[in-house]
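In full-length UniProt numbering, the protein residues as written are 1 to 200. Glycine residues also receive a C-beta, built at the ideal position from the N, C-alpha and C atoms. These figures come from a predicted structure and were not determined experimentally. A short write-up of the structure that comes next.
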Amino acid sequence: MTTRQVARHILLTGPPGIGKTTLIHKVCDHLTKSGVQCKGFYTEERREGRHRVGFDVVTLSGERAPLASVNTSDVPQGRQYTVGKYVVQLQSFETAALPTLRKKEGQHNIFVIDEIGKMELFSQTFARLVRDLLGSENTTVIATIPIAKGRPIPLVEEVRQRSDAVLFNEIYIEVLPMIADVSSYPNRKGYLSQYEYSDQ
């Protein structure tokens, strides 16, 4: 029996440097020019000269806060969460990013999350919000996730396998008409209706 699946979320994945965050910027610009409001955040490298010394979280409203740093003196005392040489600044991330992921009831919500990754998922509150947003009927999520490599991250794999999301393994130009479809959500209820596919 064939069932029809309707994509509601867009997931971008690929190795570092392929252009996921660059595309997220283009998506946000496209939605804004289309008159569509979206909320959320993206991540940017923080550099000193040629050296990467950490990452910042930047909200779509322009607020910037540290996400991770190689300098442990930047991190408040207490339990430390590390990814490679970086120490995650959990409180800073939660203070800046979590308020951008609050839904407004009675309307369709579009959220940009760059990314759903190991650093961010040290926050249990962030993990709960991601699950809630992906499961909400009146919500569309446009997110980046890391490639499947090494030890699986349970929530990332859960997100990757969702039947209501379209996953792009590379950055293809065909993402753009999908974004245009999202921007017409008042008539389409937020669904990427032209991207129905069959589940055999």
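Check, Outcome
"Could you give the DSSP three-state label for residue 64: helix, strand or coil?", "strand"
"Would you tell me roughly how many angstroms separate the C-alpha atoms of residue 117 and residue 157, rounded to the nearest one?", "11 Å"
"Under 8 Å, with one C-beta from each stretch per pair, do the segment 54 to 68 and the segment 132 to 149 reach the 3-pair mark?", "no"
"Please state the DSSP three-state secondary structure of residue 96.", "helix"
"Taking the continuous beta strand (DSSP E) assigned at residue 168, which residues delimit it?", "165 to 168"
"Could I get the ranges of all uninterrupted beta strand (DSSP E) runs contained in the segment 75 to 141, with 3 residues as the minimum, in chain order?", "81 to 83, 86 to 88, 109 to 113"
"Going by alpha carbons, who is nearest to residue 96 out of 41, 141, 68, 140?", "41"
"Under the rule that 16 or more other beta-carbon atoms within 10 Å means buried, what is residue 15, buried or exposed?", "exposed"
"For residue 121 versus residue 155, is the C-beta spacing smaller than 7 Å?", "yes"
"Give me the residue from 123, 119, 111 with the minimum Cα distance to residue 11.", "111"
"Tell me, please, whether the segment 32 to 47 touches the segment 98 to 113 by the rule of three or more beta-carbon pairs shorter than 8 Å.", "yes"
"Please state if the CB of residue 68 and the CB of residue 54 are separated by a distance shorter than 7 Å.", "yes"
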